[in-house]
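Student: Pasting a structure here, questions to come.
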Amino acid sequence: MRVAILSFAHMHAWSYAAAVKRNPEAELACIWDEDPDRGREAARRFGCPYVEDLEAALAPETGAVIVTAANAHHKDLALRAARAGKHILCEKPLATTLADGEAMIAAGKGAGVQLMTAFPCRYAPPVIRARAALQAGAIGEVLAIRATNRGRMPGGWFVQKELSGGGAVMDHTVHVVDLIRWLLGREVTSVYAEMATRFHDLEVEDCAILTMELEGGIFATLDPSWSRPPVYPTWGDVTMEFVGTRGTLWVDAFGQNLTLYNNRAQAAQWIGFGADVDEAMVADFIRCARENRTPPITGEDGLRAMEVALLAYESAARGEPVSR
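Here's what the structure looks like:
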């Protein structure tokens, strides 16, 4: 399966491209980027062609694409890829509006291609074990959830609302909402959110608290913030605590790590020793593309997670809970 990377605007493009290179069932066909210098540098590092013309990246011999552009550009790239008959792995959030996300899903279905949303946290071993425990009823009936997705402030287009769709809430809410939906099989029914800019001089929010109600009356709180300083030993975290009628379950998606005290870098670093979640996700996408079968994380999954982030913005603006 020949795979093209469409844009290196998002930092995840680097790990996804590396995963494609390591996959024996795939070939990194080419890189297209709206920034020619960035695209050429990425192509040099990965030993593949850089193409200036998007149509060249969507040539007949290319079977699939990975879209890692700024959020607001996902729809246009996905629609062009779908029209060209390419299977699509799209970075989260799926889009910046429900209309754009729905258009992407419709385009994929209309063209008979698969659209997968990039939620690599599903592939973290602690998350997989937590799902098995919850499905086995290890803590009884789930009553409440407390979750975090706190990271460093990424800067660049991430803090430009017209390109990102929002700040930390748009960036981090979708990961955890997707995990909750996958782990419990329940949809979020209402959201109350408060958000602010406390850590950085930005025009978008860098911190928030979301209180959500799920089907069945389960309550969940989420801290989706850019609250980690530049010297923090890793990019951030994804944690969840499930409170049940017979116990509690604590999940640290990236808890499999060693602490490296690096004199050269003058910093502590967390070095992961668990599974490479990006590699596992990309491998799943490539298998689904080769077999033209529905991926485990669909465009609809991306849409539902993004919808909760958008409800959070609506709630914060109105100062009251909002329902789906």
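Oh and the sequence shown: position 301 is 295 in the working numbering, straight run, nothing missing. Each residue gets a CB set at the ideal place from its N, CA and C atoms; glycine is no exception.
Using only the alpha-carbon positions, how far apart do Leu49 and Phe40 sit?
Tutor: For the purposes of this step, residue 49 is identified with residue 55 of the sequence shown, where counting begins at 1. For the purposes of this step, residue 40 is identified with residue 46 of the sequence shown, where counting begins at 1. The identity of residue 49 in the sequence shown is Glu, whereas the question assumes Leu. Those two C-alpha atoms are separated by around 21 Å.
Student: Please classify Leu254 as buried or exposed, where buried requires at least 16 other C-beta atoms within 10 Å of its C-beta.
Tutor: Walking along the sequence shown from the start, residue 254 turns up at place 260. Classification of Leu254: exposed, given that the 10 Å Cβ count is below 16.
Student: Going by C-alpha to C-alpha distance, which of Ala303, Leu52, Glu19 sits closest to Ser184?
Tutor: Within the sequence shown, numbered from 1, the residue matching residue 184 stands at position 190. For the set Ala303, Leu52, Glu19, the Cα lying nearest the Cα of Ser184 is the one of Ala303.
Student: Return helix, strand or coil for Ala303, following the three-state DSSP convention.
Tutor: Sequence index remark: in the sequence shown, residue 303 carries index 309 (1-based). In this structure, Ala303 counts as helix in the three-state DSSP scheme.
Student: For the alpha helix (DSSP H) holding Met164, just list the boundary residues, first then last.
Tutor: Working through the sequence shown from its first residue, we reach residue 164 at position 170. First-last of the alpha helix (DSSP H) with Met164: 162 to 178.
Student: Can you tell which of Glu135, Leu297, Ala214 has its C-alpha closest to the C-alpha of Met98?
Tutor: Working through the sequence shown from its first residue, we reach residue 98 at position 104. Nearest C-alpha to Met98: Leu297.
Student: Does Ser219 come out as helix, strand or coil in the three-state DSSP assignment?
Tutor: As a working note, residue 219 is residue 225 in the sequence shown. If DSSP states are grouped into helix, strand and coil, Ser219 belongs with coil.
Student: Excluding the 5 residues preceding and the 5 following Lys15 in the sequence, name in chain order all residues of the same chain whose CB lies nearer than 7 Å to its CB.
Tutor: Counted from its first residue, the sequence shown places residue 15 at position 21. Cβ neighbours of Lys15 beyond the five flanking positions: Leu22, Phe40.
Student: Could you spell out the range, first to last residue, of the beta strand (DSSP E) harbouring His68?
Tutor: What you label residue 68 is simply residue 74 of the sequence shown in a count that begins at 1. Run containing His68: none in the beta strand (DSSP E); it sits in the alpha helix (DSSP H), 68 to 77.
Student: Could you check the C-alpha separation between Gly213 and Val237 for me, to the nearest Å?
Tutor: For the purposes of this step, residue 213 is taken as the residue at position 219 of the sequence shown. For the purposes of this step, residue 237 is taken as the residue at position 243 of the sequence shown. The identity of residue 213 in the sequence shown is Phe, whereas the question assumes Gly. Cα-Cα distance, rounded: 10 Å.
Student: Ignoring anything shorter than 3 residues, give me the beta strand (DSSP E) runs that lie fully in the region 109 to 134, in order along the chain.
Tutor: 109 to 112
Student: Are the region 267 to 287 and the region 151 to 167 touching by the rule of at least three beta carbon pairs closer than 8 Å?
Tutor: no
Student: Pair every Cβ in the region 190 to 205 with every Cβ in the region 158 to 165, then say whether three or more of these pairs are closer than 8 Å.
Tutor: yes
Student: Pop quiz: Ala93 and Thr56 are said to be a contact at Cβ under 8 Å. What is the actual Cβ separation, rounded to whole angstroms?
Tutor: In the sequence shown, counting from the first residue as 1, residue 93 sits at position 99. In the sequence shown, counting from the first residue as 1, residue 56 sits at position 62. Their Cβ separation, rounded to whole angstroms, is 28 Å, which puts Ala93 and Thr56 out of contact at 8 Å.
Student: So who's on the other strand from Val225, going by DSSP bridges?
Tutor: Counted from its first residue, the sequence shown places residue 225 at position 231. Answer by DSSP bridge pairing: none, since Val225 is not bridged.
Student: Tell me the DSSP secondary structure of Phe2 in three-state form.
Tutor: Here residue 2 is taken as the residue at index 8 of the sequence shown, counted from 1. In the structure shown, Phe2 sits in coil (DSSP, three-state: anything other than H, G, I, E or B).
Student: Relative to the alpha-carbon of Tyr307, which residue among Met234, Ala187, Asn257, Phe248 has its alpha-carbon at the smallest distance?
Tutor: Looking up residue 307 in the sequence shown gives position 313. When only C-alpha atoms are compared, the closest one is Ala187.
Student: Per DSSP, Ser309 forms a beta bridge with which residues?
Tutor: Start at 1 with the first residue of the sequence shown, and residue 309 comes out as number 315. For Ser309, which the question treats as bridged, DSSP gives no partner whatsoever.
Student: Suppose contacts are defined by Cβ-Cβ distances below 8 Å. Is Val59 in contact with Ile25 by that definition?
Tutor: Here residue 59 corresponds to residue number 65 of the sequence shown, with the count starting at 1. Here residue 25 corresponds to residue number 31 of the sequence shown, with the count starting at 1. No.
Student: Thinking C-alpha only, which one of Gly313, Gly268, Arg318 is nearest Pro119?
Tutor: Walking along the sequence shown from the start, residue 119 turns up at place 125. Looking at the Cα atoms, Gly268 is the closest of the given residues.
Student: Is Trp220 buried or exposed, if buried means 16 or more other CB atoms sit within 10 Å of its CB?
Tutor: Position 226 of the sequence shown, counted from the first residue, corresponds to residue 220. Within a 10 Å sphere around the beta-carbon of Trp220 sit 16 or more other beta-carbons, which makes this residue buried.
Student: Cβ of Ala132 within 8 Å of Cβ of Thr62?
Tutor: Counted from its first residue, the sequence shown places residue 132 at position 138. Counted from its first residue, the sequence shown places residue 62 at position 68. It is not a contact, given that the beta carbons lie outside the stated cut-off.
Student: From the DSSP output, in three-state form, read off Ile99 for me.
Tutor: Working through the sequence shown from its first residue, we reach residue 99 at position 105. Looking at Ile99 - three-state DSSP - the assignment turns out to be helix.
Student: Identify which residue in Tyr226, Asn286, Glu85 has its Cα closest to the Cα of Ala259.
Tutor: The count along the sequence shown starts at 1 and reaches residue 259 at position 265. Ranking the options by Cα distance to Ala259, first place goes to Tyr226.
Student: Quickly, what does DSSP pair Met206 with across the bridge? List them, please.
Tutor: Indexing the sequence shown from 1 puts residue 206 at position 212. In DSSP, Met206 forms a bridge with Val185, Ala214.
Student: Using the DSSP secondary-structure output, state which residues sit across from Asn256 in a beta bridge.
Tutor: Here residue 256 is taken as the residue at index 262 of the sequence shown, counted from 1. Beta-bridge pairing links Asn256 to Ala261.
Student: Looking at the structure shown, is Met234 part of a helix, part of a strand, or coil, going by DSSP?
Tutor: To locate residue 234, count along the sequence shown from 1; it is residue 240. Note: Met234 maps to strand in three-state DSSP.
Student: Skipping 5 residues on each side, what residues in its chain have a beta carbon closer than 7 Å to that of Pro43?
Tutor: Within the sequence shown, numbered from 1, the residue matching residue 43 stands at position 49. Close CB contacts of Pro43 within its chain, under the 7 Å cut and outside five residues either way in sequence, are with Cys24, Ala37 (chain order).
Student: Hey, could you find the ends of the alpha helix (DSSP H) Arg39 is sitting in?
Tutor: Here the question's residue 39 lines up with position 45 in the sequence shown. 30 to 40 is the extent of the alpha helix (DSSP H) around Arg39.
Student: Roughly how many whole angstroms lie between the Cα atoms of Gly222 and Thr228?
Tutor: The sequence position of residue 222 within the sequence shown is 228, counting from 1. The sequence position of residue 228 within the sequence shown is 234, counting from 1. Position check: residue 222 holds Arg in this sequence, whereas Gly was assumed. About 9 Å.
Student: Apart from the five residues just before and just after Ala13, which ones in its own chain have a Cβ nearer than 6 Å to its Cβ?
Tutor: Residue 13 sits at position 19 when you count from the first residue of the sequence shown. In its chain, beyond the 5 residues on either side, Asp272, Glu273, Val276 have a beta carbon closer than 6 Å to the beta carbon of Ala13.
Student: Are Val121 and Cys115 touching if we call contact CB-CB under 8 Å?
Tutor: In the sequence shown, residue 121 corresponds to position 127, counting from 1. In the sequence shown, residue 115 corresponds to position 121, counting from 1. Yes, these two residues count as a Cβ contact at 8 Å.
Student: Taking DSSP's pairing of strands, which residues face Tyr44 in a bridge?
Tutor: As a position in the sequence shown, residue 44 is number 50, starting the count at 1. Partner(s): Ile25.
Student: Would you say Ala126 and Val245 are within 8 Å of each other, going by their C-beta atoms?
Tutor: Here residue 126 is taken as the residue at index 132 of the sequence shown, counted from 1. Here residue 245 is taken as the residue at index 251 of the sequence shown, counted from 1. In this structure, Val245 does not lie closer than 8 Å to Ala126 by Cβ.
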